[in-house]
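First comes the structure, then the notes that go with it.
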Amino acid sequence: MNKKSELAANNKSIYAKLFNIKYTFESAQPLTFYGDYYADENKLSYVEGDLLIKLKFEELKGNNTKIIIDNPNSCKFSKVSEKFRLKDNLDELYRNISTDENMERAITAYKGMRVTLNDPWETTVCFITSQFNNVKRIRGIIKNLINRFGEEHIDEATGIRFKSFPGPEKLSKLSKQDLIKSGMGFRAKYIIDAAKVCSENINLNKLNPNNYNKLKDTLMEINGIGPKVADCIILMGYGNFNAFPIDVWMKRTLERLYFDSKPQRIKDLYSFSEEKWGAYRGFAQQYLFFYGMKNLGRGKANGK
DNA sequence: ACCCAGGCGGGCG
DNA sequence: CGCCCGCATGGG
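Using this note's numbering, the letters of the first sequence correspond one by one to residues 971 to 1274.
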């Protein structure tokens, strides 16, 4: 094994420093919606493009994890590394966002949680679906969508049949009723519109991930994508940490932790996040979001 | 029964 | 601009 690399890997396993799959999976990211995590066995499976990825995890000391590929046929570690952003230096990121004791508490509680990098189109569908909705139902709808409209494949090594996420071309040809049957409700029209735009006018894979403002403007041209959904796509579909999605959980959490529970305008919370966490605010957001969801949910204590 | 959910578009003043 | 409303649906 090559000791020079922090990601020292051999053919079957990879050593990931500061990595926690449980928090990563549970924190309402796209992977949460299309993947399957089996906590009792500490296994995860998901589909990346046309490939089935089956992983197993062994927790090591110091919040480190050994990642083992369960179907080492076509699945490459580079894909896994990209998905979980294993090249990020979390110690450095933590230093950059660790501005106060609230954030330190969130980091300590959920150390090793990663902001995943997902396919832009899949991320777009997931977060259009997320509006005025809850995590459990979003997952159900996305699963339905894949089961009904995904293309079937067979994993050569294991013989497992699986379906891939339906692309914009496929979804653009569906009727509203098709999507409503998946549970999409009033969002059906948004999905079809987005699918048409993304198969005809905008190639999501060609957008520049680094130009936050332009990316946001472009995404918001699509009907059904507002500022919050755009930020989620930029954060988890393009990996740009300048995005700071503010949903009902984030608003509530920020108000409780930093504004003595007094209502704030979204606009002011945006600038607050920018001043406080700068170019790392997207990473900071994921920790506060999950911390808030776990500890400050409606009816729960004030977190102090 | 009632309230809520990783919000958004449209209509109104 | 800002404010306010309706929106499908299922779980708590």
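The C-beta atom is built at its ideal place from N, Cα and C for all residues, glycine as well. Remember, it's a predicted structure, so these values are computed and weren't measured experimentally.
Per-residue burial, residue i [other beta carbons within 10 Å of its own, 16 or more giving buried]
{"i": "V1199", "result": "buried"}
{"i": "K982", "result": "exposed"}
{"i": "P1138", "result": "buried"}
{"i": "N1212", "result": "buried"}
{"i": "S975", "result": "Reliability fails at S975, whose pLDDT of 44 lies under 50, so the model's placement of it is uncertain and no value is given."}
{"i": "Q1275", "result": "A question about residue 1275 goes unanswered here, because the residues of the chain that appear run from 971 up to 1274."}
{"i": "E1170", "result": "exposed"}
{"i": "K1053", "result": "buried"}
{"i": "G1252", "result": "buried"}
{"i": "R1065", "result": "exposed"}
{"i": "S1048", "result": "exposed"}
{"i": "K1024", "result": "buried"}
{"i": "E996", "result": "buried"}
{"i": "L1185", "result": "buried"}
{"i": "T1189", "result": "It is worth fixing the name first, because residue 1189 is Leu in this sequence and not Thr. Burial call: buried."}
{"i": "K1274", "result": "Note that K1274 scores a pLDDT of 32, beneath 50, so its modelled location is shaky and nothing firm can be said."}
{"i": "D1089", "result": "buried"}
{"i": "Q1147", "result": "exposed"}
{"i": "D1238", "result": "exposed"}
Member of the options whose CA lies at the smallest distance from the CA of residue i
{"i": "K987", "options": "S1015, F995, S1051 and M1220", "result": "S1051"}
{"i": "N1072", "options": "E1244, A1249 and F1229", "result": "F1229"}
{"i": "F1003", "options": "K1081, L1239, S1100 and R1065", "result": "S1100"}
{"i": "G1194", "options": "M1083, F1156, Y1182 and K1184", "result": "F1156"}
{"i": "G1153", "options": "E1191, N1104 and V1167", "result": "N1104"}
{"i": "N1183", "options": "V1167, N1173, I1203 and L1030", "result": "I1203"}
Nearest-angstrom Cα separation, counted from residue j out to residue i
{"i": "D1040", "j": "A1127", "result": "10 angstroms"}
{"i": "D990", "j": "Y1250", "result": "The amino acid occupying residue 990 in the given sequence is Asn; Asp does not appear at that position. In a straight line, the C-alpha of N990 is about 20 angstroms away from that of Y1250."}
{"i": "L1087", "j": "G1005", "result": "13 angstroms"}
{"i": "V1218", "j": "W1091", "result": "24 angstroms"}
{"i": "T1035", "j": "D1125", "result": "26 angstroms"}
{"i": "Y1008", "j": "P1042", "result": "19 angstroms"}
{"i": "T1094", "j": "F1135", "result": "12 angstroms"}
{"i": "Y993", "j": "R1118", "result": "29 angstroms"}
{"i": "L1060", "j": "R1075", "result": "16 angstroms"}
{"i": "E1245", "j": "S1068", "result": "13 angstroms"}
{"i": "E1191", "j": "P1197", "result": "11 angstroms"}
{"i": "S1015", "j": "L1001", "result": "10 angstroms"}
{"i": "F1236", "j": "V1167", "result": "Sequence inspection shows Ile at residue 1236; the Phe mentioned does not correspond to that position. The straight-line gap from Cα to Cα measures roughly 28 angstroms."}
{"i": "Y1257", "j": "F1097", "result": "18 angstroms"}
{"i": "A1271", "j": "G1262", "result": "Unreliable placement is indicated for A1271, whose pLDDT of 48 sits below 50; no coordinate value is reported for it."}
Presumed contact (8 angstroms Cβ cut-off) between residue i and residue j, rounded CB distance
{"i": "F1259", "j": "M1220", "result": "5 angstroms"}
{"i": "I1038", "j": "K1026", "result": "4 angstroms"}
{"i": "G1082", "j": "N1033", "result": "4 angstroms"}
{"i": "V1085", "j": "R1055", "result": "6 angstroms"}
- Is the number of C-beta pairs between the stretch 1014–1028 and the stretch 1104–1111 that are closer than 8 angstroms three or more? no
- Query: Counting Cβ pairs, one atom from each stretch, are 3 or more of them under 8 angstroms apart for the stretch 1135–1143 and the stretch 1151–1169?
  - Reply: yes
- Query: With a cut-off of 8 angstroms, do at least 3 Cβ pairs link the stretch 1208–1225 to the stretch 1175–1183?
  - Reply: yes
- Message: Any contact between the stretch 1213–1233 and the stretch 1112–1126? By contact I mean 3 or more CB pairs, one from each, below 8 angstroms.
- Response: no
- Query: Is there contact here, the stretch 1219–1229 with the stretch 1259–1266, by at least three beta-carbon pairs under 8 angstroms?
  - Reply: yes
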